[in-house]
Amino acid sequence: MSSQEGFCSFTFDGRSITAHPGQTIAGALHQAGVHVLSRSFKYHRPRGLFCATGRCPNCLCTVDGDPNVRTCVTPVSQGMAVRSQNAWPGLKWDVLSVFDRLHRFMPVGFYYRVMHKPRFLWPVFESIVRRIAGLGRVDRRSGGSRRYDRQTLHSDVVVIGGGWAGMHAAIAASRGGRDVTLVDDRENLGGYVLFDPVSWLDRETEFESTVQAVLDDPRIRVLQSSTAFGCYEDRLVAVQTGDRMIRLRAGQVVVATGGWEQPLVFPGNDRPGVMLASGVLKMLWRDGCRFPGDAVVVTDNPSGYSVARSLEARGTRVVAVVDHNATPADNPGDLPVRTGQTIHSVRGGRHVTSAVIGPLDGASSSAESISCRWVVQAVGFTTASGLLAQAGCRLVYDESRDLFRADQLVDGFRAAGAVNGTFDIDACAREGRLAGEVAAAGEGGGTIDLMPAETSPPVRRPPDGKKAFVCLCEDVTDKDLFDAVAEGFSNIETLKRYSTVCMGPCQGKMCQSGSIAACARANGATISETGRTTARPPEQPVPLGVLAGRSPHRHLVRRTALHDWHVEAGAVFLDSGAWKRPESYGDPAAEYEVVREGVGLIDVSTLGKLELRGRDVAEFLEFVYPNRFAKLKVGRVRYGVVCDEAGIILDDGTIARLAADRWFLTTTTGNADGVDSWFRWWLATRPDWDIRLMNVSGATAAMNLAGPKSREVLAAVCDGDLSSEAVPYLAASQLTVAGVPAIVLRIGFVGELGYEIHVPSHLAEHVWRELMAAGAASAIRPFGIEAQRRLRLDKQHLLAGQDTDALSNPFDAGLPWIVKLDKPDFVGRSALERAKAREPGQQLVGFRLEGDRVPPEPSLVLVDGRLGGRVTSARYSPVAGATVGLAWVPAESASNGQQISIQLDGQLVNAVVQREPFYDPEGARLKS
Amino acid sequence: MSLMIPCPNCERRPAGEFHFGGPVRERPEPDAATDEWIAYTYDQPNRRAVQWEWWFHRGACRQWFLVRRDTRTNRVLESALPGGATTGPLEGEAGDE
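Residue numbers (our numbering), protein chains in the order written: chain Y, 21 to 948; chain F, 2 to 98.
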């Protein structure tokens, strides 16, 4: 099916439709005689083109699998598959259109009150409601291949809206020496002028040269088909274009977003054939459409006459121009005018068949029914000032113009054109230029003073009768709003939430003024008193994928200096936060054995490492740890636990004194950044302390050589006396290992003779290889995290963050000896004093479980059938010959020999509390 | 987040790069009454006022600094390196916590 001279074809619900080049989907359907495009949300009433400019929900269809596409602004491409929505089995005859007749049983807010009794039927109701609710269907399989993108741009001046005012603002800002970004949601610049080129015929050259000036200007970046949907703090403008989200940071913002034409509210105002004038003009002049048959135009200003003339020029017979004013708003010429009248209602089902015209004030007795196919409304605009409201600008109701507009602008913002309630072309250009100049000078903000309009405020006839729709998206009628106010939802904010008016796809573009007017009338208040609801992003519906960004998300990955060695050695990796760590090298059981019997080497470079230097470090450590450090000898290391002011364990690690005023600290992998930040805060509060803190976590690599044979292996690459007298347990020595200056800490997380060797990262691989070579004779093996977990569990060493949580203090976690309450002041002292004085709560204890079934981490602990705690760590221990672990248990069960039950595979298994380590409780191996 | 914070070291950066450390507060004396300590530990002030507060630039210079912000409008007025900040609200509804 090739296209002939640019003509193309697409399908609509399976039917083949031909489109002219550049025509929109809805325009092509209109020309093909398809006037029912969708079924409404609640009542499933037939709906056709209404605004035809992308503001209302009536033309939403699924295009090539994408739901809720606005077909009135989407150009056709060859082979598109367009399907209607919300109708079954078809648009022409929809089963659920029965709701239209059941409207008496579906008043406003009815779903709050029905379908919840009887309770056992709720799952049935739920599945029915889920199937019929919503518009359009998401194709869950299509998301994976979509590429959502994100871009960040900066611009001195951002102009939102590429209409007549916006273009002049951009040019003026550029002339002021600024770089400008002009954001426009259509494919071509021009805004409203694009809809009504006929009125611009005598200024065509001026228009075209202005557009060209914008496009040619090297300082103006034009983003076409881009919708600015949100305005956030410090002038961050969120823009959606296709599948990309642009975060646009602006120095100054000019909002020239124009306005939306507003509808009248009368019974039958939602029938296909009832349309807004700007949409009709756009379809006549941009979409190659005609409106055969009779038309009635309702208006209160000259634009109605203009659209009537356009219709006549393109073959429509205008049978009445119904003018609200007592005298015609424009020279009627040959047009049949009725003054002082308005439209009372429209009749018809799938299309308008007639319009009832009558006096402006009540009295339906003198109304007349005119047979027609089209009803075109041209009764004024409201401002598209949502972005200004989001930014914090104050909106007021301008009575003379019958619209809300900003009168107080926040810093950095200017507004120009129809968004100000300015509709005169030359005034728009002047406002645009001024706004651009002010923005270029960096002086956005201030008040907007507008002269009241010369015309008197428009008069509207309150609708009488049912099915006068205020909100087309949610099928909310004028009567619904009155009923809701009568139920007590009289404030515009609660009225909106209860009735869901303005909460549909149009987000109030078509229905905000109607809902405010109805609320005001129902309350007997003025529009100004009623106010409008808070504007929030997004201004235009945005796909969630655009907000989410690229999938899969980029993940930060951190690798140690020894990563390549691990890969070569066949390591199986584990994600520890962002770190890639070897879980094992294929055989964790063997790795465990080698540490207990021989010697193993593990990469612990991921630990946090902090260097502190200065006179006052000892005092600082005394303050920030619950234990004592002031008297720690040079060349010694000590285990410590960092607590917060509530006495809760933040982290644990080691503290080594390398010189009188030089200290070296380690933290756990996960809390490295947190402890660094915690310490830095305390230092910031005490600028009088002589302390310098350096985070050397990345610059320093660390490896733990552990096992009974570790001394002889280390001795092979290290000069100096490594005997137990020279380098005892808990020594912190500075040694040369494999020719590299190293800090060597004799600590024992895994419960064997071992050395934690810290060297500069860039030399880590060298040192590691030398150690592995030196240990070959002793059958050295690298060991991973899994083996390390098993080894430390034998000794009941806790892992901060796994065995402790946000309620764990050192007393309960089995470390009472660490808290030196006789120190005058330290972080958490007050809370720890109170904790000690209290009845103890749950305690962290070791337990032993016969058999080799291992409870998952976490598992529930029950005592006497009642929930008592949880298992935080558990592994099978070869040296204990049983499954062992750590668990929080009630204080009464926290002594040796107490029985507890653990839930495992749905059963309760018995375990015994053991407080001594399962292996080498005296620590003889550690201290050897 | 879109709010910009002026780090004294790195100039204006988006708030997402920072960690908020709460308003500047005076730590009680070690021997202060229990109630005072409990209030300091567990009750976070939440004022409608202009206040000095702690911010940490975790995404860049990793330094703590002070920001003077009007919590009523969320406008950042100035920032400074630590030292010399007051602990109470500078203007606004006192006692409105």
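Cβ atoms here follow ideal geometry from the backbone N, Cα and C, with glycine treated the same way.
> Are the CB atoms of Y:Arg267 and Y:Arg255 nearer to each other than 8 Å?
Replying inline: Start at 1 with the first residue of the first sequence, and residue 267 of chain Y comes out as number 247. Start at 1 with the first residue of the first sequence, and residue 255 of chain Y comes out as number 235. Taking 8 Å as the cut-off, the beta carbon of Y:Arg267 is found no closer than this to the beta carbon of Y:Arg255.
> Under the three-state reduction of DSSP, which class applies to Y:Asn930: helix, strand or coil?
Replying inline: For this step, residue 930 of chain Y is matched to residue 910 along the first sequence. Y:Asn930 sits in a strand when the DSSP states are folded into three classes.
> In whole angstroms, what is the alpha-carbon distance linking Y:Glu611 and Y:Gly618?
Replying inline: Position 591 of the first sequence, counting from 1, holds the residue named residue 611 of chain Y. Position 598 of the first sequence, counting from 1, holds the residue named residue 618 of chain Y. Approximately 10 Å between the Cα atoms of the pair.
> From the beta carbon of F:Asp97, is the nearest beta carbon of chain Y less than 8 Å away?
Replying inline: Start at 1 with the first residue of the second sequence, and residue 97 of chain F comes out as number 96. For F:Asp97, the pLDDT reaches just 46, beneath the cut-off of 50, and the residue's location in the model is therefore unreliable, leaving the point undetermined.
>> Using a 10 Å radius around the Cβ and a threshold of 16 neighbouring Cβ atoms, would you call Y:Trp837 buried or exposed?
In response: Numbered from its first residue, the first sequence carries residue 837 of chain Y at position 817. By the 10 Å Cβ count, Y:Trp837 comes out exposed.
> Do Y:Ser405 and Y:Ala375 have their C-beta atoms closer together than 8 Å?
Replying inline: For this step, residue 405 of chain Y is matched to residue 385 along the first sequence. For this step, residue 375 of chain Y is matched to residue 355 along the first sequence. No, these two residues do not count as a Cβ contact at 8 Å.
> With a cut-off of 8 Å, do at least 3 Cβ pairs link the region 221-239 of chain Y to the region 183-196 of chain Y?
Replying inline: In short, these stretches touch, since the Cβ pair count reaches three.
> Is Y:Met471 buried or exposed, if buried means 16 or more other CB atoms sit within 10 Å of its CB?
Replying inline: The sequence position of residue 471 of chain Y within the first sequence is 451, counting from 1. Flag for Y:Met471 reads exposed.
> Between the C-alpha atoms of Y:Ser23 and Y:Gly565, what's the straight-line distance to the nearest angstrom?
Replying inline: Mapped onto the first sequence, residue 23 of chain Y falls at position 3. Mapped onto the first sequence, residue 565 of chain Y falls at position 545. Low confidence applies here, because Y:Ser23 scores a pLDDT of 42, under 50, leaving its location unreliable and the question unanswered by this model.
> Which of helix, strand or coil does DSSP assign to Y:Trp702?
Replying inline: Mapped onto the first sequence, residue 702 of chain Y falls at position 682. Helix.
>> If distances are taken between C-alpha atoms only, which option among Y:Thr467, Y:Phe699, Y:Gly534, Y:Asp495 comes closest to Y:Thr520?
In response: Locating residue 520 of chain Y in the first sequence gives position 500, where the first residue counts as 1. The residue with the shortest Cα to Cα distance from Y:Thr520 is Y:Asp495.
> What three-state label does DSSP hand Y:Met792 in the structure shown?
Replying inline: In the first sequence, the residue the question calls residue 792 of chain Y occupies position 772. In the structure shown, the three-state DSSP call for Y:Met792 is helix.
>> According to DSSP, simplified to helix, strand and coil, what is Y:Tyr896?
In response: Here the question's residue 896 of chain Y lines up with position 876 in the first sequence. Annotated three-state conformation of Y:Tyr896 is strand, per DSSP.
> Hey, Y:Val490 and Y:Thr497 are a contact pair by Cβ (cut 8 Å); roughly how many whole angstroms apart?
Replying inline: In the first sequence, counting from the first residue as 1, residue 490 of chain Y sits at position 470. In the first sequence, counting from the first residue as 1, residue 497 of chain Y sits at position 477. The Cβ separation is near 6 Å, so the contact holds.
> Which residues, taken in chain order from the region 251-279 of chain Y, show a beta carbon closer than 7 Å to some beta carbon of chain F?
Replying inline: Listed in sequence order: Tyr252, Glu253, Asp254, Leu256.
> CA-CA distance, Y:Arg552 and Y:Arg157?
Replying inline: Mapped onto the first sequence, residue 552 of chain Y falls at position 532. Mapped onto the first sequence, residue 157 of chain Y falls at position 137. When rounded, the distance between both Cα atoms is 32 Å.
> Which of the residues in the region 840-862 of chain Y, read from start to end, lie with their CB under 8 Å from any CB of chain F?
Replying inline: Residues Pro844, Asp845, Arg849, Ser850, Ala851, Arg854.
>> Against chain F, with Cβ distances strictly below 8 Å, would Y:Glu665 count as a contact?
In response: Here residue 665 of chain Y refers to the residue found at position 645 of the first sequence. Yes - at least one Cβ of chain F is within 8 Å of the one on Y:Glu665.
> When you compare only the Cα positions, how much space is there between F:Leu82 and F:Pro7?
Replying inline: Reading the second sequence from its first residue, position 81 is the one you call residue 82 of chain F. Reading the second sequence from its first residue, position 6 is the one you call residue 7 of chain F. Distance between the alpha carbons of F:Leu82 and F:Pro7: 11 Å.
> Between which two residues does the alpha helix (DSSP H) carrying Y:Val862 extend?
Replying inline: Taking the first residue of the first sequence as 1, we reach residue 862 of chain Y at position 842. Per the sequence shown, the amino acid found at residue 862 of chain Y is Gln instead of Val. Unbroken run through Y:Gln862: none, as it is neither H nor E.
> Near Y:Glu642, what residues of its chain come up, given a Cβ to Cβ distance below 6 Å and the 5 sequence neighbours on each side ignored?
Replying inline: Taking the first residue of the first sequence as 1, we reach residue 642 of chain Y at position 622. Here the set comprises Phe649, Ala650.
> Does DSSP put Y:Trp142 in a helix, a strand or coil?
Replying inline: Counting from 1 along the first sequence, the entry for residue 142 of chain Y is found at position 122. Helix at Y:Trp142.
>> Using the Cβ count rule (16 or more neighbours within 10 Å means buried), how would you classify Y:Met714?
In response: As a first step, residue 714 of chain Y must be located in the first sequence, where it is residue number 694. Label assigned to Y:Met714: exposed.
> Is the region 440-447 of chain Y touching the region 460-471 of chain Y, taking contact as three or more C-beta pairs under 8 Å?
Replying inline: At 8 Å Cβ cutoff, the stretches touch.
>> Using a Cβ distance threshold of 8 Å, determine whether the region 885-902 of chain Y contacts the region 865-872 of chain Y, with at least three qualifying pairs required.
In response: Yes, since at least three Cβ pairs between the region 885-902 of chain Y and the region 865-872 of chain Y fall closer than 8 Å, the two stretches touch.
> Could you give the residue range of the beta strand (DSSP E) that holds Y:Ser175?
Replying inline: Indexing the first sequence from 1 puts residue 175 of chain Y at position 155. Element bounds for Y:Ser175: 169-180.
> How about the region 310-320 of chain Y and the region 520-538 of chain Y: do they share at least three Cβ pairs that are nearer than 8 Å?
Replying inline: No contact exists between the region 310-320 of chain Y and the region 520-538 of chain Y.
> By the criterion of Cβ-Cβ separation under 9 Å, what are the contact partners of Y:Arg700 in chain F?
Replying inline: Residue 700 of chain Y sits at position 680 when you count from the first residue of the first sequence. Those are Phe57, Arg63, Gln64, Trp65, listed as they occur along chain F.
> Going along chain F, which residues have a C-beta under 7 Å from Y:Ala704?
Replying inline: For this step, residue 704 of chain Y is matched to residue 684 along the first sequence. Trp65, Pro83, listed in chain order.
>> Counting only Cβ pairs nearer than 7 Å, list the residues of chain Y close to F:Ser3.
In response: In the second sequence, counting from the first residue as 1, residue 3 of chain F sits at position 2. Here the neighbours are Tyr252, Glu253, Asp254, Leu256.
>> Looking at Y:Ala542: is its Cβ nearer than 8 Å to the Cβ of Y:Leu501?
In response: For this step, residue 542 of chain Y is matched to residue 522 along the first sequence. For this step, residue 501 of chain Y is matched to residue 481 along the first sequence. Taking a C-beta distance under 8 Å as the contact criterion, Y:Ala542 and Y:Leu501 qualify as a contact pair.
> Which runs of the alpha helix (DSSP H), 4 residues or longer, sit entirely within the region 392-468 of chain Y?
Replying inline: Fully enclosed alpha helix (DSSP H) runs of no fewer than 4 residues occupy 406-411, 445-460 of the region 392-468 of chain Y, in order along the chain.
> Apart from the five residues just before and just after F:Glu98, which ones in its own chain have a Cβ nearer than 7 Å to its Cβ?
Replying inline: As a first step, residue 98 of chain F is located in the second sequence; it is residue number 97 there, counting from the start. Per-residue confidence for F:Glu98 stands at a pLDDT of 43, beneath the threshold of 50, marking its modelled position as unreliable; the derived number appears in the next sentence. Here F:Glu98 has Pro46, Asn47, Arg48 as same chain residues with Cβ atoms under 7 Å from its own Cβ, once five neighbours each way along the sequence are excluded.
>> In the DSSP assignment, the beta strand (DSSP E) including Y:Ser744 goes from what residue to what residue?
In response: Walking along the first sequence from the start, residue 744 of chain Y turns up at place 724. Annotation: Y:Ser744 is outside any beta strand (DSSP E) and is labelled neither H nor E by DSSP.
>> In the DSSP output, what is Y:Glu281 paired with across the bridge?
In response: Along the first sequence, one-based indexing puts residue 281 of chain Y at 261. According to DSSP, Y:Glu281 bridges with Y:Phe401.
> Thinking C-beta only, is Y:Leu155 closer than 8 Å to Y:Phe61?
Replying inline: Position 41 of the first sequence holds residue 61 of chain Y. Position 135 of the first sequence holds residue 155 of chain Y. Yes, the pair counts as a contact, with Cβ atoms nearer than the cut-off.
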